[in-house]
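In terms of our numbering, the sequence shown opens at residue 35 and continues consecutively. Cβ coordinates follow ideal geometry from the N, Cα and C atoms, glycine included. Step one of this worksheet: look at the structure below.
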Amino acid sequence: MKSEFDFSQLKADVPASVVVFLVAVPLCLGIALASGAPLFSGLIAGMVGGMVVGLLSGSALGVSGPAAGLTVIVLVAIQDLGSFEAFLLATALMGVVQIIMGYLRTGVIAYYFPSSVIQGMLAGIGLIIILKQIPHAFGYDAVPEGDYRFEQPDNENTFSELMHLMEKVSEGPMLIAAVSFAILLLWETRWLKQFKIFQLIQGPLVAVIAGALMNLGFRESDTLALAASQVVQIPLADSFGAFLENFRSPDFGQLGNPQIYVTAVLLAVVGSLETLLCVEASDKQDPRKRYTPTDRELKAQGVGNLVSGLIGGLPVTQVIVRSSVNVQAGAQTKLSAILHGVIILFAVVLIPNLLNLIPLATLAAVLVVVGYKLAKPSLFQQKWQQGLKQFVPFLATILGIVFTDLLVGIGIGLAVSVVFILYQNFKIPIVVSEGGEDAEEIRLELPADVSFFKKAALMKVLAEIPEGRRLVIDASQTYYIHQDVLEIIEDFVETAPARNVEVVVRELYDHKDLDPDFRFSVPEASRA
35 MKSEFDFSQL KADVPASVVV FLVAVPLCLG IALASGAPLF SGLIAGMVGG MVVGLLSGSA
95 LGVSGPAAGL TVIVLVAIQD LGSFEAFLLA TALMGVVQII MGYLRTGVIA YYFPSSVIQG
155 MLAGIGLIII LKQIPHAFGY DAVPEGDYRF EQPDNENTFS ELMHLMEKVS EGPMLIAAVS
215 FAILLLWETR WLKQFKIFQL IQGPLVAVIA GALMNLGFRE SDTLALAASQ VVQIPLADSF
275 GAFLENFRSP DFGQLGNPQI YVTAVLLAVV GSLETLLCVE ASDKQDPRKR YTPTDRELKA
335 QGVGNLVSGL IGGLPVTQVI VRSSVNVQAG AQTKLSAILH GVIILFAVVL IPNLLNLIPL
395 ATLAAVLVVV GYKLAKPSLF QQKWQQGLKQ FVPFLATILG IVFTDLLVGI GIGLAVSVVF
455 ILYQNFKIPI VVSEGGEDAE EIRLELPADV SFFKKAALMK VLAEIPEGRR LVIDASQTYY
515 IHQDVLEIIE DFVETAPARN VEVVVRELYD HKDLDPDFRF SVPEASRA
């Protein structure tokens, strides 16, 4: 456990946890609002994502919390199930399903996502962050934090919202955002980084303090004062007892409702997929290139969702925005993720009034810097230089995410990647050579793996065999042959005499991977 809990890294993990906490709080509240759930349920999910999932997870830098990708599912589920308490039961059962998925070792799915798609996901999220935070920097806050869908609840979309931006500008948030940007950019300069104090204190923390002080200073101004919608809004409780009332229990009377189980499975599948995608992306950002055990991650997420559902929280997944902030804030171990959950708990209990002074414009500045680092122009240049096979799926993923949502964008990127795989298999599938035992011989050597993807290429090769030649199909180096390929060979052997083609098949008829029920009917005379 030394690599997971290296307390010598506290000087890096503690400041990083504070930065993640500052970004996480408005995201937790915004996702709850977009999901049609009580605001405090988002904060509960943030606490659980940090303290429970963070403790059990094997991810060094990943941070879990309420998931933006589940907002639509949660919104519809709460309405269909009739109450938030019924939905909490589905969330708890979602956790049970994820624990089972972990023990069934379904986490291996994460390793089948191409690198170009994962990098496209990071860049797409970076662009979405920038586009969605610009309105908050200008003081227009109609869309909740954490809602990264293209189509918005106010009947606008990501780009049409920007077109109306200048009609709704607020001077106070703009000035706060400008000062915050200046602080963040100054903190990135080599000149400041040479001083040890500026290495210990994070720029985002300084920007947040400056923004809160400016918010206080603007309160007496008619033009610069911030509206309630332009600052963090944590629900306040008059007493500790009132605070505890924010925690709710599931409606166990709904255990006989089949729709509960349908919702739980849907949440588990979508939430697990989002987690696995974010695990891959978080690992790629890790400067130390550590790998997360994906099955363990599913179990950790399952326990987290079970706990969150039992105490009144939203579903949790590993989330790329908070994970990226964690990486860029300099976190070294999972202690940062755990501590951010602890800070949420204590801050909500002890200093909610202070948190409600933080302007969303400052947090917008922090997130825009994060978004830029995820979608640097140099990344686009790098993918272009790697060729179209890398660049096109990369770009397709970005466009899909920007114009739809995270999971649809990933699906588009994967579909484009599959097209390139199919083309590659068609282009270079099988070795064909002429001149063997006699000048009329054509030799067709099957590779080690003759999958379904090589079916079209084999059909093309066989169709181009000239009449009156001798064809040797050699499978001596082959370990796997798809039965569709075997059927193509069988059909060719049957029709070859009509084309005056002699066919010899070597070491294919007794292939060890053949299905026992498959009957390969190549004539004995054609076998060698």
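In the DSSP assignment, Ile476 falls within the beta strand (DSSP E) that extends over Glu475 to Glu479.
In chain order, Leu218 place their CB closer than 6 Å to the CB of Val403, counting only its own chain and leaving out the 5 sequence neighbours on each side. If you look at Ser98, you'll find it in the beta strand (DSSP E) that goes Val97 to Pro100. Your pair Ser357 and Leu95 checks out as a contact, with CB atoms roughly 6 Å apart and the cut at 8 Å.
Asn360 sits away from Val87, with the two beta carbons spaced by 9 Å or more.
Nearest in C-alpha terms to Val142, of all of Asn339, Tyr513, Ala171 and Glu331, is Glu331. Each residue's CA atom was taken as its position, placing Leu61 and Ile163 some 12 Å apart.
The segment 41-56 and the segment 154-162 do not touch, with fewer than three beta-carbon pairs separated by less than 8 Å. In the three-state DSSP reduction, Pro393 falls in the strand class (E or B).
Here Gln132 is buried: its Cβ has 16 or more other Cβ atoms, across all protein chains shown, within 10 Å.
The closest CA to that of Gln236, considering only Pro269, Met493, Phe55 and Glu38, is found on Phe55. Of the residues assessed, Gln511 falls on the exposed side of the cut-off, its CB having fewer than 16 other CB atoms within 10 angstroms. For the segment 201-284, the continuous alpha helix (DSSP H) assignments of 4+ residues that do not extend past its boundaries occur at 205-221, 224-227, 230-234, 237-251 and 274-278, in sequence order.
When rounded, the separation of the alpha-carbon atoms in Ile476 and Arg504 is 6 Å.
In the DSSP assignment, Gln132 is bridged to no other residue. Judged by their CB atoms, Leu77 and Ile378 are nearer to each other than the 9 Å cut-off. If you draw a 10 Å sphere on the C-beta of Glu308, you find 16 or more other C-beta atoms in it, and that means buried. With respect to the 9 Å criterion, Gly434 and Gly421 are not classified as neighbours on the basis of their beta carbons. For Arg356, the enclosing alpha helix (DSSP H) begins and ends at Ile354 to Gln362. Here Ala144 really is in contact with Leu310; their C-beta atoms are around 4 Å apart, less than 8 Å. Taking 4 residues as the shortest admissible run, the segment 507-546 contains the following complete alpha helix (DSSP H) segments, listed from N- to C-terminal end: 517-529.
Under DSSP, the beta-bridge partners assigned to Asn191 are Glu185. By the criterion of a C-beta distance shorter than 8 Å, Val304 is surrounded in its chain by Gly103, Leu104, Ile107 and Leu441, once the five residues flanking it on both sides are discounted. Straight across, the Cα-Cα distance linking Gln186 with Glu195 is about 9 Å. Short of 6 Å from the beta carbon of Ala302, and not among the five residues preceding or following it, lie these beta carbons of its own chain, in chain order: Met128, Val131 and Gln132.
Every unbroken stretch of the alpha helix (DSSP H) spanning 4 or more residues and falling wholly within the segment 284-340 is given here in chain order: 292-319. DSSP, reduced to helix, strand and coil, places Val382 within a helical segment of the structure shown. Around the Cβ of Val151, a 10 Å sphere holds 16 or more other Cβ atoms; the residue is buried.
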